[in-house]
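Chains as they are written, first to last, in the working numbering: chain A, 376 to 666; chain B, 25 to 154.
Scroll down for the structure; my scribbles are underneath it.
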Amino acid sequence: MASLDDLKKRIASVKSTQKITKAMKMVAAAKLKRAQESAEKGRPYSEKMNNIILNLSCGISDKEIAPKLLSGSGKEQVHLCVVLTSDRGLCGGFNANIIKKAKSYFVKLNKEGKELKIITVGSKGNDQLKRVYGNKIIENISFKNSKNANYFDAEKVGKIVIEKFEKEEFDICTIFYNQFKNVITQIPQAQQIIPLNTENDNQDNSEDDYEFEPDEDEILSNLLPKNISTQIFKAMLENSASEQGARMSAMDNATRNAGEMVDKLTIKYNRSRQAAITKELIEIISGAESL
Amino acid sequence: MSDEFKIEIVNPEKSFLSKEDVNEVVVPAFEGEMGILKDHISIISFLKPGIITIQAKSGEKKYYVEDGIIEFKNNTLSILTSYILNLEDIEKNKLQELLKTAEEESNKPEITDQLKYLADQKVETLKSIN
């Protein structure tokens, strides 16, 4: 049985933990609002980009001459996986969910006998993956110093990916990130960016006859690298909103749990205080009786 | 009949500008400057570093862009760019900084011809602003 003093100390420590988690929740809520806003503001760009590329790729009838970023390298042997995680912990299942999704994909690739290469963005993902897949990780990028997700960081990642593709180091590229649905729900996503998946977007091909200047091929080969950066940027924005959301709900839970713990400890403290008083009384009374 | 059309400029972070009363836009297309008026044919093109000039009812505005894609369709001009600045509120030292990085870029020894061309364009445009 812990002594009264010990209990008192524990209550104090849980209370101060609660204060911290409460503050973190507040900070996450404020950041979440900003992250959500920028995720929403970033959407038109990636949507427009996607539309233009769809329009363009419809115009290219001959798959042979299409740029490799669109049509693929013709093989499916080497897979590159870009795993986007956060740089900071204490955000509930946020990183674990992405890693889980990525790992199950890795296992699938392994079974099919495909070769695997990994780029991790964010230090938390690297920490978790390097234990099992350490030899597969070819690059680890971390943007600890940038405050918010910004396009230049995304472009850096995009450039690395494209460079490796041009050197034919891989055939298919997939990015893993958390899609922000709401504060409580984030859905881990796997999105293939090379070759670009244009098939399931069969929206109205409204027979727009565009004039191209210069011709389609040249525009496409200029656009596709940009699109990759854009897709990565989109993933980063979704990720940062998800991260803050996950952290907010995790910290909310932690605060609540700490509150419960304080209540329990307080009851325990009061009980043992009472017990001590009763014990002392009994001692006095029985001492008086024996006189 | 009015001869105004709509313009939308978006960059990755946000929707930069949206206007409904535009008469004429001049963009630095890759193969030369291009003026766009109402009822232009649907076109997709991309930009080199340069100045976008927007003539609207509310006055003329100039913007500096480093790259971008334009799409004109149904009298809506969409410009996607990753770097855009309003020339009115651009600061002198910011300009100098941009110019310096552009010059450094163009003087790199291992640069490809196309990148070199783009960097030179950047330098030229920035100098003309100064």
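C-beta atoms are modelled at their ideal positions from N, C-alpha and C, and glycine is treated no differently.
**Request:** Check the C-beta distance from A:K492 over to A:Q452 and give it rounded, since I have them as a contact under 8 angstroms.
**Result:** A:K492 to A:Q452, Cβ: 11 angstroms. No contact.
**Prompt:** Since A:N472 contacts A:N557 with CB under 8 angstroms, what's their CB separation in whole angstroms?
**Reply:** Contact flag wrong, Cβ pair sits at about 15 angstroms.
**Asked** Apart from the five residues on each side of it in sequence, which residues of its chain come closer than 8 angstroms, Cβ to Cβ, to A:I547?
**Response** G447, E451, V453, H454, L455, Q567, I569, P570
**Request:** Mind listing the chain B neighbours of A:G533? Cutoff is C-beta to C-beta under 7 angstroms, in chain order.
**Result:** Ordered by position in chain B, no residue passes the 7 angstroms Cβ test against A:G533, which lies about 11 angstroms from the chain.
**Message:** Report the start-end ranges of each beta strand (DSSP E) in the segment 72-127 of chain B that is 3 residues or longer and not cut off at the edges.
**Reply:** 74-80, 83-89, 92-97, 100-104, 108-110
**Request:** Note down, in chain order, every chain B residue with its Cβ under 8 angstroms from the Cβ of A:Y526.
**Result:** N35, P36, E37, S106
**Message:** Please report whether the beta-carbon of A:F587 lies at a distance below 8 angstroms from any beta-carbon of chain B.
**Reply:** yes
**Message:** Looking only at its chain, what residues have a beta carbon closer than 7 angstroms to the beta carbon of B:K118, apart from the 5 residues adjacent to it on each side?
**Reply:** Short of 7 angstroms from the beta carbon of B:K118, and not among the five residues preceding or following it, lies no beta carbon of its own chain.
**Message:** Under DSSP, the beta strand (DSSP E) around B:E28 begins and ends at which residues?
**Reply:** Looking at the DSSP string, B:E28 is not in any beta strand (DSSP E), and its letter there is neither H nor E.
**Against chain A: residues of the segment 53-72 of chain B by CB proximity under 7 angstroms** = A53, F54, E55, I65, S66, I67, I68, S69, F70
**Top-ranked residue by Cα proximity to A:R622, from A:N430, A:L445, A:L407** = A:L407
**Prompt:** Which chain B residues are close to A:Y420, counting only those with a beta carbon under 7 angstroms from its beta carbon?
**Reply:** V34, N35, P36, L104
**Message:** Let me see if you follow: with CB-CB separation under 8 angstroms, is B:E95 close to chain A or not?
**Reply:** yes
**Message:** I'd like to know whether the C-beta atoms of A:F555 and A:A616 end up nearer to each other than 8 angstroms.
**Reply:** yes
**Item:** Separation of A:F587 from A:E541, as counted between CA atoms
**Value:** 25 angstroms
**Asked** Using 8 angstroms as the limit for Cβ to Cβ distance, is A:I335 near chain B?
**Response** Not covered by the structure: residue 335 of chain A. The range shown for chain A is 376 to 666.
**Asked** From the beta carbon of B:I31, is the nearest beta carbon of chain A less than 8 angstroms away?
**Response** No, B:I31 does not count as interfacial toward chain A.
**Asked** Terminal residues of the continuous alpha helix (DSSP H) containing A:P570?
**Response** First-last for A:P570: undefined, no H or E at that position.
**Within 8 angstroms, strictly: CB atoms of B:F40 and B:V34** = yes
**Asked** Using CA coordinates, which residue listed in A:R463, A:K499, A:K511, A:G533 is at the minimum distance from A:F481?
**Response** Nearest option by C-alpha distance: A:K511.
**Request:** Go through its chain and collect everything with a Cβ distance to B:F29's Cβ below 6 angstroms, but skip five positions before and after it.
**Result:** V46, K62, N99
**Item:** Neighbour-count burial assignment, B:P36, 16 or more Cβ in a 10 Å radius
**Value:** Buried: at least 16 other Cβ atoms inside 10 Å.
**Message:** Could you compute how far the alpha carbon of B:L150 sits from the alpha carbon of B:K86?
**Reply:** 13 angstroms
**Prompt:** Around the Cβ of A:S432, are there at least 16 other Cβ atoms within 10 angstroms (buried) or fewer (exposed)?
**Reply:** Counting Cβ neighbours within 10 Å, A:S432 comes out buried, since at least 16 surround it.
**Message:** Restricting to Cα atoms, I'd like to know which of A:I660, A:Y585, A:N645, A:L640 is closest to B:I65.
**Reply:** A:Y585
**C-beta neighbour in chain B for A:T671, strict 8 angstroms** = Limits of chain A in this structure are 376 at one end and 666 at the other, which puts residue 671 of chain A out of reach.
**Request:** Select from B:L101, B:K132, B:L123 the residue whose C-alpha is nearest the C-alpha of B:S42.
**Result:** B:L101
**Prompt:** Buried or exposed: A:N575, going by 16 or more other Cβ atoms within 10 Å of its Cβ?
**Reply:** For A:N575, the pLDDT reaches just 48, beneath the cut-off of 50, and the residue's location in the model is therefore unreliable, although a value from the coordinates is still provided. Under this definition A:N575 is an exposed residue.
**Length of the line joining the Cα atoms of B:E7 and A:V458** = Nothing in the structure corresponds to residue 7 of chain B, since chain B is present only between 25 and 154.
**Prompt:** CB-CB under 8 angstroms to A:L382, same chain, minus the five flanking residues each way: which ones, in chain order?
**Reply:** The answer, listed in chain order, is L640, K643, Y644, S647.
**Prompt:** Looking at A:I474 and A:G497, is the spacing between their C-beta atoms short of 8 angstroms?
**Reply:** no
**Request:** Locate the alpha helix (DSSP H) running through A:G447, then write down its first and last residues.
**Result:** Taken as a continuous stretch (DSSP letters only), A:G447 belongs to no alpha helix (DSSP H), as it is neither H nor E.
**Asked** For the segment 593-617 of chain A, which residues have a beta carbon sitting closer than 7 angstroms to at least one beta carbon of chain B?
**Response** I594, N597, L598, T605, F608
**Message:** Just verifying my parser: in three-state terms, what is the DSSP assignment at A:P419?
**Reply:** helix
**Message:** Rounded to whole angstroms, what is the Cα-Cα separation between A:G662 and A:Q649?
**Reply:** 20 angstroms
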